[in-house]
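In the order they appear, the protein sequences are chains B and P.
For the first sequence, this note's numbering gives the first residue as 1, with consecutive numbering after it.
For the second sequence, this note's numbering gives the first residue as 1, with consecutive numbering after it.
2 protein chains.
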Amino acid sequence: MSLRHILLGMLGEPHSGYDLKKQFNQSLRNFWNAELSQIYPLLAKMEKDGLLSSRRVASSTGPPRKVYTRSARGRRELVAWLAEGPKVGEERISYLAQVYFLDELEDIDASIAFMESLRAHMARWLTSLEDIERRWSSDDPRYPYDLPDDAFYAQLTLALGLKKVAANLEWCDECLARLRARKALARETRST
Amino acid sequence: MSLRHILLGMLGEPHSGYDLKKQFNQSLRNFWNAELSQIYPLLAKMEKDGLLSSRRVASSTGPPRKVYTRSARGRRELVAWLAEGPKVGEERISYLAQVYFLDELEDIDASIAFMESLRAHMARWLTSLEDIERRWSSDDPRYPYDLPDDAFYAQLTLALGLKKVAANLEWCDECLARLRARKALARETRST
DNA sequence: CATTACTATATAAATATTGATATAGTGACA
DNA sequence: TGTCACTATATCAATATTTATATAGTAATG
């Protein structure tokens, strides 16, 4: 499991469950997502296990917030996870599984529609990553060089995100070209 | 959930659970993995739900195999999943989460070691994808053009895999260059 | 004929994850 | 005052997933 470790990483600063969910939606989404209904019980369990501590904080905008911070033990567990080395080979990419079985659609136009939709998703995703980059670079004039540690590593993940989404977009275009060629070919074959 | 649909996709041809696991290890691994202990009960459940049918087949190499094939209903469910459009935004990439929190390691040499290990993983991965491509292209002289439907779509996923892993590898090199520059900078700063 | 390696199926227990739903405070607006 | 939108915390039930383990046949080796 990684969510446990991801929360430990996020809780170097105090945050409430609701806070954390917002961070997932804004940036961690790009490599991991979690629902509130998973976050709340996990925070409670991790506190029971001595990895986190919590306190109530009054709020001006709503009910009192329960903010968590990681303990020294929590930090050790996070560091141990990083020290184990990169966890490669556990990736999960649903849309690729779909493409793998796309021949089941029979109708090539349906495949083309699928791929156009995927392309649109990727284009939106790219825009959102570019927005993040713009925001970060206007927040910090040193961007992307000479950043403090946390921003430095976050920038690295963003850089990979940009590269990969751009590769995806290119690939969608190539797929569409090949699908259309295939469609034309099928038409010719039928008419001869 | 997608494993259910992935199994439906794989069971256009009859396969045993053991078979399916081998296919995961060989190629689906690149976008999804599953253990035997998940596959067996799920196959049983899907059969109970009328999505699959099974029969026992004697084997010359070991105990009798239980092979499953999808039913017409199973195929409809697969097609419905594809028709819903691409499932984007559910990706899970553990190693990127790790990079995001790599600043917790404090010691920049530990970060460099992490990234070198990641680079080695990516290099191996790239080799294995290139092997698959070589195998496919020697199996089918028409590769990668003019392929039958199933091979055509499988080839598309392979093409994306190659693109993304290559992008990852490039990115690792850039990261390493930046980490080393950062290390040199830290040394200078300390000595002045 | 004992051991090892490989093929094959399977279950149990523990965890993780999703999807639906409940509850409540605050601020704005009609 | 009612109600809508938003912030916030939380639980339940249903599923999905991982890790460890059990069982057995076949085939080759010594």
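Just so you know, even glycine gets a beta-carbon here, dropped at the ideal spot from N, CA and C.
Given the structure is predicted, the values throughout are model-derived calculations rather than measurements.
Proximity winner among the options, relative to residue i (alpha-carbon distances)
i: residue 127 of chain B; options: B/141, B/45 and B/166; result: B/166
i: residue 113 of chain B; options: P/55, P/33, P/34 and P/85; result: P/85
i: residue 186 of chain P; options: B/148, B/120 and B/58; result: B/148
i: residue 133 of chain B; options: B/116, B/152 and B/115; result: B/152
i: residue 83 of chain P; options: B/118, B/87, B/49 and B/88; result: B/118
i: residue 116 of chain P; options: B/101, B/105, B/123 and B/88; result: B/88
i: residue 106 of chain P; options: B/105, B/30 and B/150; result: B/150
i: residue 101 of chain B; options: P/90, P/25 and P/31; result: P/31
i: residue 29 of chain P; options: B/178, B/91 and B/45; result: B/91
i: residue 13 of chain P; options: P/178, P/184, P/70 and P/104; result: P/70
i: residue 146 of chain P; options: B/75, B/189 and B/26; result: B/189
i: residue 75 of chain P; options: B/63, B/103 and B/75; result: B/103
Residues near residue i in its chain [Cβ-Cβ closer than 7 Å; skip 5 each side]
i: residue 182 of chain B; result: 108
i: residue 23 of chain P; result: 10
i: residue 73 of chain B; result: 50 and 51
i: residue 42 of chain B; result: 3, 4 and 7
i: residue 21 of chain P; result: 36 and 39
i: residue 27 of chain B; result: 132
i: residue 174 of chain B; result: none
i: residue 191 of chain P; result: none
Range of the contiguous beta strand (DSSP E) that encloses residue i
i: residue 66 of chain P; result: 65-70
Residues near residue i by beta carbon distance below 6 Å, same chain, minus five either side
i: residue 57 of chain B; result: 65 and 67
i: residue 3 of chain P; result: 34
i: residue 125 of chain B; result: 165
i: residue 110 of chain B; result: none
For residue i: DSSP bridge partner residues
i: residue 55 of chain P; result: P/67
i: residue 111 of chain B; result: Beta-bridge pairing links residue 111 of chain B to no other residue.
i: residue 16 of chain B; result: B/67
Boundaries of the alpha helix (DSSP H) in which residue i is found, first to last residue
i: residue 87 of chain P; result: No alpha helix (DSSP H) holds residue 87 of chain P; DSSP gives it neither H nor E.
i: residue 32 of chain B; result: Note, residue 32 of chain B: premise wrong, no alpha helix (DSSP H); not H, not E.
i: residue 150 of chain B; result: 149-191
i: residue 6 of chain P; result: 3-10
i: residue 100 of chain P; result: 94-100
Same chain only: Cβ atoms within 8 Å of residue i, ignoring 5 sequence neighbours per side
i: residue 5 of chain B; result: 77, 78 and 81
i: residue 9 of chain P; result: 78
i: residue 47 of chain B; result: 53, 54 and 68
i: residue 137 of chain B; result: 143 and 144
i: residue 130 of chain B; result: 162
i: residue 176 of chain P; result: 112, 115, 116 and 119
i: residue 122 of chain P; result: 165, 168, 169 and 172
i: residue 180 of chain P; result: 112
i: residue 140 of chain P; result: 147 and 151
i: residue 59 of chain B; result: 65
i: residue 63 of chain B; result: none
Any non-hydrogen atom of the ligand ZN within 7 Å of residue i CB
i: residue 150 of chain P; result: In the structure shown, the ligand ZN is absent, as is every other ligand, since no ligand is present at all.
*Evaluate the contact criterion for the segment 149-166 of chain P versus the segment 93-105 of chain B: three or more CB pairs, one atom per stretch, below 8 Å.*
Flag = yes, the segment 149-166 of chain P and the segment 93-105 of chain B touch.
*Determine, using beta-carbon pairs with one atom in the segment 11-24 of chain B and one in the segment 32-39 of chain B, whether at least three such pairs fall under 8 Å.*
yes
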